[in-house]
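For reference, the structure discussed in these notes is given below.
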Amino acid sequence: MEYSPIVLFVYNRLKHTVETINSLRLNPEAEHSFLYIFSDGPKNNNENAKVNEVRNYVKSIEGFKKVIVIEREKNFGLANNIIEGVTEVISIYGTVIVLEDDLLFSPYFLKYMNESIQLYRNDKKVISIHAYIYPVNQPLPPTFFLIDPGSLGWATWKDRWSEYEPDGRKLLEQLKNKKLEYKFNYDDTYPFLRMLQDQINGKNNSWVIRWYAHAMLNDQVTLYPSRSLVFHNGSDGSGTHAGDSSMLDVELADEPILVERINIEVDQKAREALKEYFKKINPGIVKRVFRKIRKLWARLRNTGKKSSSMT
Numbered sequence: 001m002e003y004s005p006i007v008l009f010v011y012n013r014l015k016h017t018v019e020t021i022n023s024l025r026l027n028p029e030a031e032h033s034f035l036y037i038f039s040d041g042p043k044n045n046n047e048n049a050k051v052n053e054v055r056n057y058v059k060s061i062e063g064f065k066k067v068i069v070i071e072r073e074k075n076f077g078l079a080n081n082i083i084e085g086v087t088e089v090i091s092i093y094g095t096v097i098v099l100e101d102d103l104l105f106s107p108y109f110l111k112y113m114n115e116s117i118q119l120y121r122n123d124k125k126v127i128s129i130h131a132y133i134y135p136v137n138q139p140l141p142p143t144f145f146l147i148d149p150g151s152l153g154w155a156t157w158k159d160r161w162s163e164y165e166p167d168g169r170k171l172l173e174q175l176k177n178k179k180l181e182y183k184f185n186y187d188d189t190y191p192f193l194r195m196l197q198d199q200i201n202g203k204n205n206s207w208v209i210r211w212y213a214h215a216m217l218n219d220q221v222t223l224y225p226s227r228s229l230v231f232h233n234g235s236d237g238s239g240t241h242a243g244d245s246s247m248l249d250v251e252l253a254d255e256p257i258l259v260e261r262i263n264i265e266v267d268q269k270a271r272e273a274l275k276e277y278f279k280k281i282n283p284g285i286v287k288r289v290f291r292k293i294r295k296l297w298a299r300l301r302n303t304g305k306k307s308s309s310m311t
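Take the working numbering: the last position of the sequence shown gets the number 311, and nothing is skipped along the way.
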């Protein structure tokens, strides 16, 4: 097996970082893998001590083929740190597995990632590999494709990452020109378009919403597993973008995921399963859609009544 380099992005959460590393080391493939750690610089003087705690720890990490620590002198912010870090490492190796400091892993995580990277490395329609799947209720095949690339433990290749478009305004314009807004929002079950608009307006600095828009515009898909190999451990309010929520909680896969070639197309049953999940966690958007429908019907009825009275 070929082992892709792992890139981990850390900041000021020592406890989370330790748990992430301990979990990752349970994968047998870890000892064969290069681990690059990008430590972002402090936002202000108040963050110096916490950032240095993390930096002192990551310099002591063992259990990997080699550990390379890159310390940012200034604060890049999560999005810029990821974009530049991934670009730097992928330019050397051609592939990369990308992690953040609030993830826990199944012991079969690296096996799935490396096997999938090798299997689809020459299929440019596959933009990435993702190791997390939302806690949907419907049964799913061992692996399947969706357009949403995701960000909770993922991998990609140099020829695909090099085409990443960081300009959110340009992406939004193209989505509207191609009339993809409804599809981008998973048929209006989750407000992904609003997330992109917020990124443009400086309300968030999400790199992944732009990666998702890029994938949709280019009709590229991401491989997902039937059972999650990643647990998001940051839903405690401690992260940059994480809220205090358990809606992402899953049970980690306790056996390997069967990775074999499948048709490279969106699995519509899996997409429907995600739509049902989004409706459950975000009922407000569904209510707004129904309100719009009711208002539309009301206008149509009123128009019909006016037309009848005039005849």
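We put the CB at the ideal spot given by N, CA and C, even for glycine.
Everything numeric in this text was worked out from a predicted model, so none of it was measured.
Whether residue i touches residue j by CB criterion (8 Å)
i	j	result
Phe38	Val230	no
Thr17	Val10	yes
Phe76	Glu31	no
Thr95	Leu146	no
Ile133	Ile117	no
Leu196	Leu217	no
Pro5	Tyr108	no
Ile264	Lys125	yes
Tyr33	Tyr57	Residue 33 is actually Ser in this sequence, not Tyr. For Ser33 and Tyr57, no; Cβs fall outside 8 Å.
Thr189	Lys275	yes
Tyr212	Pro135	no
Asn233	Leu103	yes
Ala273	Gln138	yes
Trp207	Ala79	yes
Leu110	Asn27	yes
Leu99	Gly153	yes
Asp101	Thr20	yes
Ser226	Leu140	yes
Ile90	Pro166	no
Glu29	Arg55	no
Span of the alpha helix (DSSP H), counted from its first residue to its last, around residue i
i	result
Lys50	Asn48 to Val58
Leu172	Gly168 to Asn177
Glu84	Leu78 to Tyr93
Thr17	Leu14 to Leu24
Leu119	Phe109 to Leu119
Tyr164	Run containing Tyr164: none; DSSP gives neither H nor E here.
Arg210	Val208 to Leu217
Host beta strand (DSSP E) of residue i (start-end)
i	result
Phe34	Phe34 to Ser39
Phe184	No beta strand (DSSP E) holds Phe184; the alpha helix (DSSP H) holding it covers Glu181 to Phe184.
Lys66	Lys66 to Glu71
Cross-strand partners of residue i (DSSP beta bridge)
i	result
Ile129	Ala155 and Leu223
Leu104	Phe231
Phe9	Phe38 and Glu100
Lys203	Its beta-bridge partners do not exist; DSSP assigns none.
Glu272	DSSP lists no partner for Glu272.
Phe144	Tyr224
Val266	Phe145
Cβ-based burial, residue i [other Cβ within 10 Å; buried from 16]
i	result
Gln268	exposed
Gly340	Here the chain covers residues 1 to 311 and nothing more, so residue 340 does not appear.
Glu251	exposed
Arg160	buried
Asp249	exposed
Leu258	exposed
Arg210	buried
Gly168	buried
Ile68	exposed
Met113	buried
Gln199	buried
Glu163	exposed
Asp254	exposed
His241	At His241 the pLDDT is 44, less than 50, meaning the model places this residue with poor confidence and gives no usable figure here.
Tyr182	exposed
Thr311	In this prediction, Thr311 has a pLDDT of 47, which is less than 50 and means its spatial position is unreliable; nothing more can be read from the coordinates.
Ser60	exposed
Lys306	Residue confidence for Lys306 is low, a pLDDT of 49 falling below 50, so the modelled location carries little weight and cannot support an answer.
Glu73	exposed
Asn44	exposed
Phe290	Caution is warranted here: a pLDDT of 44 is assigned to Phe290, below 50, making its placement in the model unreliable, and the coordinate value is therefore given only provisionally. Phe290 is exposed by the Cβ-count criterion.
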